[in-house]
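Student: Numbering (the working numbering), first residue to last: 304 to 417. We treat Cβ as the ideally placed atom computed from N, Cα and C, and that holds for glycine. On a predicted model such as this, the values are computed, not experimentally measured, just so you know. First the structure, which I've put down as structure tokens, then a few questions once you've had a look.
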């Protein structure tokens with residue numbers, strides 16, 4: 304997506320359509336984060352063939368994000384790393400091993416419930 308700019312560290316990336324990730328604090332739902340997963344493809348992976356399976360990737364990421372939401376601490380800081388790792392693991396269900404070099408979660412639009 305152009306709004307996040309080019310990633311010079313990964314010239315072969317795929318921006319997945321935005322997903323909604325729950326944000327919880329003290330085991331209560333605080334709100335929702337709107338993020339755009341950016342997948343950095345490994346060398347030799349066909350971007351065209353990879354994108355053909357994008358709908359399966361979105362499905363497993365949304366399901367995983369709702370099982371493993373972002374956590375917000377008392378200072379209001381959000382831990383995205385644990386959720387990112389769960390999303391990467393979920394992608395392994397529908398993506399062949401070695402195709403993904405890195406997964407980044409872009410965007411910081413968080414909307415509280417109240």
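Quick check: what's the CA-CA separation for residue 305 versus residue 407?
Tutor: Summary for residue 305: the model assigns pLDDT 46, below 50, so the residue's position carries little reliability, and this model does not support an answer.
Student: Determine the contact status of residue 409 and residue 341, defining contact as a CB-CB distance below 7 Å.
Tutor: Closer than 7 Å, so yes.
Student: Do residue 325 and residue 400 count as a contact pair if the criterion is CB distance below 7 Å?
Tutor: Result no, Cβ atoms of residue 400 and residue 325 do not sit closer than 7 Å.
Student: Grab the span of the beta strand (DSSP E) containing residue 351 for me, first residue to last.
Tutor: Not the beta strand (DSSP E): residue 351 falls in the alpha helix (DSSP H), residues 350 to 354.
Student: Using beta-carbon positions only, say whether residue 367 and residue 339 come within less than 7 Å of one another.
Tutor: The answer is no: Cβ separation not under 7 Å.
Student: Quick one: residues in its chain with C-beta nearer than 6 Å to the C-beta of residue 405, no 5 flanking neighbours on either side, listed in chain order?
Tutor: These residues qualify, in order along the chain: 343.
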